[in-house]
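Have a look at the structure below before the remarks.
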Amino acid sequence: MAQALPAAVHALARCRAGAVAPTLALSLAALIAVGGLAFDYARLASLDTELQNAADHAALAAATQLDGRPGACQRAANAAGTMVRNHALFANDGGAPAIAVAHETACDATGRIRFYQDPQKAVAAAGDDTARFVEVSVEARRARYALTPIVGAVGSGDITGTAFAGLASAICKAPPLMMCNPNESPGGGGSVDASALIGKGLLAVAAGSGGTWAPGNFGFLDMGAGPGASDLRDAFGKATTHFQCIRTSSVDTAPGNMADISAAINTRFDIYENGWAANCDGVGCPPAYNTVKDLVRRADGGCGLNSNPNSSGQQGWRPVEAPGHYRPSPATRQDATISVIGHPRDICHAVSLEGDCPGGRLGDGLWDRDAYFRVNHGQASTQDWQSRLRADGVANFQSPTRHDVYQWELATGRLGPRAVGGAAAAYSAPVCGTPVGPPAHPDRRVTSLAVVNCIEQGINGRTANVRVEAWLDIFLVEPSYLRRDDGNAARTTADQVYVEVIGPTRMAGGGGGAQVVRRDVPYLIE
């Protein structure tokens, strides 16, 4: 028996059955720790993903509101917090499942919703009109660890999500027109204060071929309309055109000749010169509903400037510069012999072909309202026409812009003919072409253009990726280049056009004077 016990001990020592059990027992803690770490890390990663997705959604929602209009930052903040509902399903910090974004009211680069002017986040937004990019951070959440390092005793710490987004905008249906910022400094650069330009006349002059463009020059854009003269005439004269959409933030400039489009612009005033314009009839190139101008129509020809009676001997209408047309004296700033007046230039531009405005090509918005209402509407005094406009609901009745008056004439139907003398008559409504669609839809005397800093960006004919400072709606005040019977220019030369600034371009579906369509797509930057 004594000998058997050592043998049993030796046999037990030599036995390998169940040897894995202690190994498993010893490694079980490590295996649980690794599994718990994986579980908790997956929970942490999922929570981080939820918060980042929420920040992405909030930033995209906010970016959709950055249209540069009043209240843009406020609308963006509201959109970030309420437009998209996000939930944190992996947060177990005791808070509500909804992920929150702290509300912001300031259009600046502080807080949880930060606005910038540039994608580098180097310049904070200064207001609704300069807020072009937005960064959103969602409120921090926590995940309590389930298995590591001590069950439920330790959390992840604060986790948040941050996203940065902008609005990629395209402008569609816009004529291919651009203008050098009339307020650009001699050294280059300068912003465009659209509100300060409203109502001011602008004697825009085409840039010299191949030359560096100066403030007040205008030119053309590459919008897929084609580089030829016929393409430009189609773009500015025809009611139906096919432009490609382009970015609102930058454009490509293209060379062109203003003389090629003056006849096309004049079709909008019911003037159809011989050649291209005469062949683009009043349906293909319709006039505006209101075509009041500094001209009369005399019964000695067709609708073209140099037309003769047709083969049947019938007399048509020919626009001519009438005796008594508006030309104020440089000394008195008035015209005592006036009998015909269209929507006139600013007085400082009307005194001569180039004018004497302190701002050069940019006027001061002071035009002879008294003369206009006296000649065209029989209002004898300032008080009379102000009372009439006020009674008709014109908001800016005390100092209306030309476009305000133009719209008032349309709304009240004050577009009839008026005898001037002999067989001559002034017509506010078209007689050669037929307007299409309801009044002011589209408004053929309103168009849009891009404003760029030509000196700063070195514009010279064809230049790519030119930054746009602003898009403006402009009112065509008077016809472009017109020839008198003696062959000389009646008013503007072949490289000029006179317009009034209406304000920032209304990028909508085309109603109420908006000529273009803006398509906006928000996108994430980071």
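With our numbering, you'll find the sequence shown wraps up at 1657, consecutive numbering, no jumps.
Ideal placement from N, C-alpha and C gives every residue a C-beta, glycine not left out.
### Query
Going by the CB atoms, is the gap between Leu-1655 and Ala-1299 shorter than 8 Å?
As a first step, residue 1299 must be located in the sequence shown, where it is residue number 168. As a first step, residue 1655 must be located in the sequence shown, where it is residue number 524. Their beta carbons are not under 8 Å apart, which means Ala-1299 does not touch Leu-1655 by this criterion.
### Query
CB Asp-1495 to CB Lys-1331, shorter than 8 Å?
Along the sequence shown, one-based indexing puts residue 1495 at 364. Along the sequence shown, one-based indexing puts residue 1331 at 200. Taking 8 Å as the Cβ cut-off, Asp-1495 and Lys-1331 qualify as a contacting pair.
### Query
Can you pull the DSSP bridge partners for Val-1632?
In the sequence shown, residue 1632 corresponds to position 501, counting from 1. Paired residue(s): Ile-1605.
#### Entry: Buried or exposed by the 16-neighbour rule on C-beta atoms within 10 Å, applied to Gln-1514
For this step, residue 1514 is matched to residue 383 along the sequence shown. Burial call: exposed.
### Query
With C-beta atoms as the reference, is Val-1265 less than 8 Å away from Arg-1243?
Counted from its first residue, the sequence shown places residue 1265 at position 134. Counted from its first residue, the sequence shown places residue 1243 at position 112. Taking 8 Å as the Cβ cut-off, Val-1265 and Arg-1243 do not qualify as a contacting pair.
### Query
Is the segment 1457 to 1476 touching the segment 1317 to 1327, taking contact as three or more C-beta pairs under 8 Å?
no
#### Entry: Proximity of Glu-1315 and Asn-1584 at Cβ, strictly below 8 Å
Working through the sequence shown from its first residue, we reach residue 1315 at position 184. Working through the sequence shown from its first residue, we reach residue 1584 at position 453. Taking 8 Å as the Cβ cut-off, Glu-1315 and Asn-1584 qualify as a contacting pair.
#### Entry: Exposure label - Gln-1375; buried when at least 16 CB within 10 Å
For the purposes of this step, residue 1375 is taken as residue 244 along the sequence shown, with counting starting at 1. Answer is exposed; the Cβ neighbour count stays below 16.
### Task
Have a look at Val-1652 and Ala-1467 and give me their C-alpha separation to the nearest angstrom.
On the sequence shown, position 521 is the one that residue 1652 refers to. On the sequence shown, position 336 is the one that residue 1467 refers to. Annotation: Val-1652 to Ala-1467 spans about 56 Å, alpha carbon to alpha carbon.
### Message
Could you tell me the alpha carbon to alpha carbon distance between Ala-1409 and Gly-1564, rounded to whole angstroms?
### Response
Position 278 of the sequence shown holds residue 1409. Position 433 of the sequence shown holds residue 1564. Answer to the nearest angstrom: the Cα atoms are 11 Å apart.
### Query
Roughly how many angstroms lie between the CA atoms of Thr-1236 and Ala-1257, to the nearest whole one?
Numbered from its first residue, the sequence shown carries residue 1236 at position 105. Numbered from its first residue, the sequence shown carries residue 1257 at position 126. If you take the alpha carbons of Thr-1236 and Ala-1257, they lie about 13 Å apart.
### Task
Would you kindly report the start and end of the unbroken alpha helix (DSSP H) that includes Ala-1262?
The residue you call residue 1262 lines up with position 131 of the sequence shown. Counting along the chain, Ala-1262 falls outside any alpha helix (DSSP H), and DSSP gives it neither H nor E.
### Task
With a threshold of 16 other CB atoms inside 10 Å of the CB of Thr-1532, please say whether the residue is buried or exposed.
Mapped onto the sequence shown, residue 1532 falls at position 401. Buried is the label assigned to Thr-1532, since at least 16 other Cβ atoms lie within 10 Å of its Cβ.
### Query
Phe-1367 bridges to which residues according to DSSP?
Translated into the one-based positions of the sequence shown, residue 1367 becomes position 236. Paired residue(s): none; Phe-1367 is not in a bridge.
### Query
Cys-1361 to Val-1599, Cα distance in whole Å?
Counted from its first residue, the sequence shown places residue 1361 at position 230. Counted from its first residue, the sequence shown places residue 1599 at position 468. First, the amino acid is wrong: residue 1361 is Ser here, not Cys. Using only the alpha carbons, I get a separation of about 27 Å.
### Message
Under DSSP, the beta strand (DSSP E) around Ile-1244 begins and ends at which residues?
### Response
Position 113 of the sequence shown holds residue 1244. It spans 1244 to 1247 - the beta strand (DSSP E) in which Ile-1244 sits, taken as one unbroken run.
### Query
In whole angstroms, what separates the C-alpha of Arg-1500 from that of Ala-1211?
In the sequence shown, counting from the first residue as 1, residue 1500 sits at position 369. In the sequence shown, counting from the first residue as 1, residue 1211 sits at position 80. Each residue's Cα considered, the two are about 47 Å apart.
### Query
With which residues is Tyr-1654 paired in a DSSP beta bridge?
As a first step, residue 1654 is located in the sequence shown; it is residue number 523 there, counting from the start. In DSSP, Tyr-1654 forms a bridge with Gly-1297.
### Task
Measuring alpha carbon to alpha carbon, tell me which of Gln-1538, Thr-1384, Leu-1497 ends up nearest Ile-1478.
As a first step, residue 1478 is located in the sequence shown; it is residue number 347 there, counting from the start. Residue Leu-1497 is the option with its Cα nearest to Ile-1478.
### Query
Under three-state DSSP, which class holds Asn-1348?
On the sequence shown, residue 1348 is found 217 positions in, with the first residue counted as 1. Of the three classes helix, strand and coil, the one that applies to Asn-1348 here is strand, per DSSP.
### Query
For Val-1577 versus Asp-1535, is the C-beta spacing smaller than 8 Å?
Residue mapping note: residue 1577 aligns to position 446 of the sequence shown, counting from 1. Residue mapping note: residue 1535 aligns to position 404 of the sequence shown, counting from 1. Remark: C-beta atoms of Val-1577 and Asp-1535 do not approach each other more closely than 8 Å.
### Query
Helix, strand or coil: how does DSSP classify Pro-1489 here?
Locating residue 1489 in the sequence shown gives position 358, where the first residue counts as 1. Coil.
### Message
Is the beta carbon of Val-1269 closer than 8 Å to that of Ala-1186?
### Response
For the purposes of this step, residue 1186 is identified with residue 55 of the sequence shown, where counting begins at 1. For the purposes of this step, residue 1269 is identified with residue 138 of the sequence shown, where counting begins at 1. Yes, these two residues count as a Cβ contact at 8 Å.
### Query
Can you give the Cα-Cα distance for Asp-1523 and Arg-1505, rounded to whole angstroms?
The residue you call residue 1523 lines up with position 392 of the sequence shown. The residue you call residue 1505 lines up with position 374 of the sequence shown. Cα-Cα distance, rounded: 17 Å.
### Query
Cβ atoms of Ile-1290 and Asn-1272: under 8 Å apart, would you say?
Locating residue 1272 in the sequence shown gives position 141, counting from the first residue. Locating residue 1290 in the sequence shown gives position 159, counting from the first residue. Just to set this straight, residue 1272 is Arg in the shown sequence, not Asn. It is a contact, given that the beta carbons lie within the stated cut-off.
### Task
Just mark Pro-1250 as buried or exposed, buried being the case when its beta carbon has 16 or more other beta carbons within 10 Å.
Position 119 of the sequence shown, counting from 1, holds the residue named residue 1250. Pro-1250 is exposed by the Cβ-count criterion.
### Query
Buried or exposed: Ala-1581, going by 16 or more other Cβ atoms within 10 Å of its Cβ?
Along the sequence shown, read from residue 1 onward, the residue named residue 1581 stands at position 450. By the neighbour-count rule (16 or more Cβ atoms within 10 Å), Ala-1581 is buried.
#### Entry: Beta-bridge pairing of Ser-1113 - partner residues as DSSP gives them
Nothing can be reported for residue 1113, as the shown portion of the chain is limited to 1132 through 1657.
### Query
So, is Ala-1395 buried or exposed, given that buried needs 16 or more other C-beta atoms within 10 angstroms?
The residue labelled residue 1395 in the question sits at position 264 within the sequence shown. Label assigned to Ala-1395: buried.
### Extent of the continuous beta strand (DSSP E) to which Ala-1502 belongs
In the sequence shown, counting from the first residue as 1, residue 1502 sits at position 371. Here Ala-1502 belongs to no beta strand (DSSP E); instead the alpha helix (DSSP H) covers 1500 to 1508.
### Task
State the start and end residues of the unbroken beta strand (DSSP E) segment that holds Gly-1332.
By one-based count along the sequence shown, residue 1332 stands at place 201. Taken as a continuous stretch (DSSP letters only), the beta strand (DSSP E) holding Gly-1332 covers 1332 to 1337.
### Query
Can you tell which of Thr-1261, Lys-1304, Ala-1526, Ser-1512 has its C-alpha closest to the C-alpha of Ile-1377?
Here residue 1377 refers to the residue found at position 246 when the sequence shown is read from its first residue. Of the candidates Thr-1261, Lys-1304, Ala-1526, Ser-1512, the residue whose Cα lies closest to the Cα of Ile-1377 is Lys-1304.
### Message
Can you tell me whether Glu-1266 is helix, strand or coil according to DSSP?
### Response
Here residue 1266 refers to the residue found at position 135 of the sequence shown. In this structure, Glu-1266 counts as strand in the three-state DSSP scheme.
### Message
So, with DSSP's three-state summary, where would you put His-1188?
### Response
Within the sequence shown, numbered from 1, the residue matching residue 1188 stands at position 57. Helix at His-1188.
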